[in-house]
Amino acid sequence: MPADASGSGCGMRERQEKIPYLYIKDKFSRLDPGALCAGKKVDYDPARGLIGVKLLGEDYQVSHPGGEVYAPDGREVASYVLKTILLRYLVNGRGAEPSGRFISFRELQDGHLFYPAFYSRTVRRLAGLSQEPERLLSLPPVLQRLPYGDLAFAFAFLPDVIFAFILYRGDEEFPAGANILMDSNIEAYFTAEDIAVVADVAVDYFLGGGRISPQAGLYGPVPAAGTKMEQE
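Per this note's numbering: the sequence shown = residues 9 to 240.
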């Protein structure tokens, strides 16, 4: 491999993730904080110009109108993917309460278009959790255990954005498997294309033992075609 090939790939990846962030950041900066927070379980501090949002059980801060995102330890989040997710939640989210009914990715509008990439990149990686799943139940975003598969649980990715991860242990005949469901209200917050990315970040969190890096997504493997978050 040429010496600059890796760096070139990283630069392209960063540009691909930065453009959607800058687009949604511009929309975010033009909206009133009251409109951004309406109907959502978030906190706004007008004195500091910060919107507090709980992401995977941890408290993040989003500056307004700047659109910068700060991790629980106060560090500015470097990941354009995480920043784009949070800003799209605030800009596009309609504040719908969870219905309590889970649906599959294929049931989403345009879900069938992105399902092959979603399955190969996200669902198959989730199956890796089936080897030691019990430890997952104590992590902060987990809401409850569910009566599916060998182990299943619901968790909050963001306020009112609820997923269910279902795990199947492998044996001598069958490999480990997994499934991902989401509350039917999720399209009040994200498109199918965005949901594929959101679920991928959630899988990273659980595979990492309950840690989400402020660098998440910057220089990891390039997502399969169809999972890149586009301008909307």
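Backbone N, C-alpha and C define an ideal beta-carbon position, used for all residues, glycine too.
Keep in mind the model is a prediction, meaning the values are calculated, not measured.
Two segments are said to touch when three or more pairs of C-beta atoms, one from each, lie closer than 8 Å; by this definition the region 74-85 does not touch the region 182-191. Taking 4 residues as the minimum length, the alpha helix (DSSP H) runs contained wholly in the region 74-114 are 88-100, in order along the chain.
The beta carbon of TYR78 lies closer than 6 Å to those of GLN69, GLU84 in the same chain, with the five residues before and after it left out. Counting only residues of its own chain and dropping the five nearest sequence neighbours on each side, VAL211 has a CB closer than 7 Å to the CB of THR130, ARG133, LEU134. In the DSSP assignment, TYR123 falls within the alpha helix (DSSP H) that extends over 119-126. The beta carbon of ALA200 is closer than 8 Å to those of PHE113, LEU116, GLN117, ASP118, GLY119, LEU121, PHE122 in its chain, skipping five residues each way along the sequence. Each of ALA46, SER71, LEU64, LYS62 was checked against the Cα of ASP34, and the nearest Cα belongs to SER71. Every unbroken stretch of the alpha helix (DSSP H) spanning 4 or more residues and falling wholly within the region 117-196 is given here in chain order: 119-126.
If you ignore the 5 residues before and after TYR213, its C-beta comes within less than 6 Å of the C-beta of LEU64, ILE220, all in its own chain and listed in chain order. The Cβ atoms of TYR176 and GLY157 lie closer than 7 Å to each other. According to the DSSP assignment, GLY57 belongs to no alpha helix (DSSP H), since it is labelled neither H nor E.
The beta carbons of ALA104 and ASP168 sit about 7 Å from each other, so the pair counts as a contact at 8 Å. Taking 8 Å as the upper bound for CB-CB distance, GLY101 and TYR197 are in contact here, some 4 Å apart. Taking the Cβ atoms as the reference, PRO148 lies roughly 23 Å from THR92, outside the contact range of under 8 Å. Linking GLN24 to ARG96 through their CA atoms gives a straight-line distance of about 16 Å. Here LEU145 is exposed. Its C-beta has fewer than 16 other C-beta atoms within 10 Å. Sorting ALA160, LYS49, ILE170, TYR88 by C-alpha distance to the C-alpha of ILE203 places ILE170 at the top.
ASP202: member of the alpha helix (DSSP H) spanning 200-215, first to last residue. DSSP lists ILE59, VAL77 as the bridge partner or partners of VAL70. Taking C-beta separations shorter than 8 Å and ignoring five residues to either side along the sequence, the partners of LEU151 in its chain run PHE161, ALA162, PHE163, ALA164, ILE170, following chain order. With distances taken between CA atoms, LEU98 lies nearest to GLU76 out of GLY108, ARG109, GLU76. For ALA46, no alpha helix (DSSP H) segment is defined, and its DSSP state is neither H nor E. For the options ILE194, LEU159, GLY217, GLY42, the alpha carbon positioned closest to that of ILE111 is the one of ILE194.
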